[in-house]
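Comments concern the structure below.
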Amino acid sequence: DVKVTQSSRYLVKRTGEKVFLECVQDMDHENMFWYRQDPGLGLRLIYFSYDVKMKEKGDIPEGYSVSREKKERFSLILESASTNQTSMYLCASSLEAQDTIYFGEGSWLTVV
Amino acid sequence: EDQVTQSPEALRLQEGESSSLNCSYTVSGLRGLFWYRQDPGKGPEFLFTLYSAGEEKEKERLKATLTKKESFLHITAPKPEDSATYLCAVRGSSYKLIFGSGTRLLVRP
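Those protein sequence lines, which keep their order, are chains W and X. Here our numbering is used: the first residue of the first sequence is -15, the next is one more, and so on. Here our numbering is used: the first residue of the second sequence is 2, the next is one more, and so on.
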């Protein structure tokens, strides 16, 4: 079975804090993704990575960065959290670019 | 511009009352249409991938179909546990997934 694991399900952070969201997949997938999901706005792509140390900006990369040092792990970093980054964050992975994307359980981030 | 529209936004059914959810799309060079189920507070769970017009796939009470302009997710004799939000997404020539806003399904016992 496909398994994408997001280590933190619920986080509460203060404005200005640096936040790390971690994601691990165990399927040896090449591609990994970070989305955020907000009511009325749907799923929006923040960043994706098609190989170790490689990354591409998605639709809403501002205020975020990512790191992929190992194939199975993809981290999303909020350098200085702001209240408008309160959201559900979803990590996903796929074997090849044209393949099905599988999602993790999500991380609920509240910035106060 | 690639676009996905799902309808209705919300659907209430009685247990056993069959119905269909619609996903209309415009995309240059379809490279897959995907259906996901999402329960409250959880990540989307993959259901089906369809690649070409005329293709159909089934899983338990769900059946997905595809034409050149739209896809339907047919739910036969639904049960309360089928209640969820159903998301449709398409991939075009850019390989990026474009998601619809989803249909919230509620099945009453």
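The beta carbon of each residue, even a glycine, is placed where N, CA and C say it ideally should be.
| Query | Result |
| --- | --- |
| For I98(W), go through chain X and note every residue whose CB falls closer than 7 Å to its CB, in chain order. | This structure cannot settle anything about residue 98(W), because the visible part of chain W is limited to -15 through 96. |
| Report yes or no: is there a C-beta of chain X within less than 7 Å of the C-beta of E40(W)? | no |
| Compute the minimum distance between the beta carbon of D10(W) and the heavy atoms of the ligand ATP, and state whether it is under 6 Å. | Looking at this structure, you won't find the ligand ATP or any other ligand, since it has none at all. |
| To the nearest angstrom, how far is the alpha carbon of L74(X) from that of S25(X)? | 12 Å |
| Which residue or residues does DSSP assign as beta-bridge partners of K60(X)? | L63(X) |
| Listed in chain order, which residues of the segment 31 to 51 of chain X have Cβ atoms closer than 8 Å to some Cβ of chain W? | R32, G33, F35, Y37, G42, K43, G44, P45, E46, F47, T50 |
| In whole angstroms, what separates the C-alpha of S94(X) from that of P110(X)? | 43 Å |
| Starting from H75(X), trace the beta strand (DSSP E) in both directions and tell me its first and last residue. | 71 to 76 |
| If the cut is a Cβ gap below 8 Å, which residues of chain X does A81(W) touch? | Y96 |
| Could you pull out every residue in the same chain whose Cβ sits closer than 8 Å to the Cβ of K37(W), ignoring the five residues on either side in sequence? | R52, E53 |
| Assuming D35(W) is part of the beta strand (DSSP E), what are its boundary residues? | 26 to 35 |
| Taking C-beta pairs closer than 8 Å, name the residues in chain X that L93(W) reaches, listed in chain order. | What L93(W) touches in chain X: nothing, since even the nearest Cβ is about 13 Å away. |
| Hey, out of E1(W), F87(W), E40(W), whose CA is closest to A65(W)'s CA? | E1(W) |
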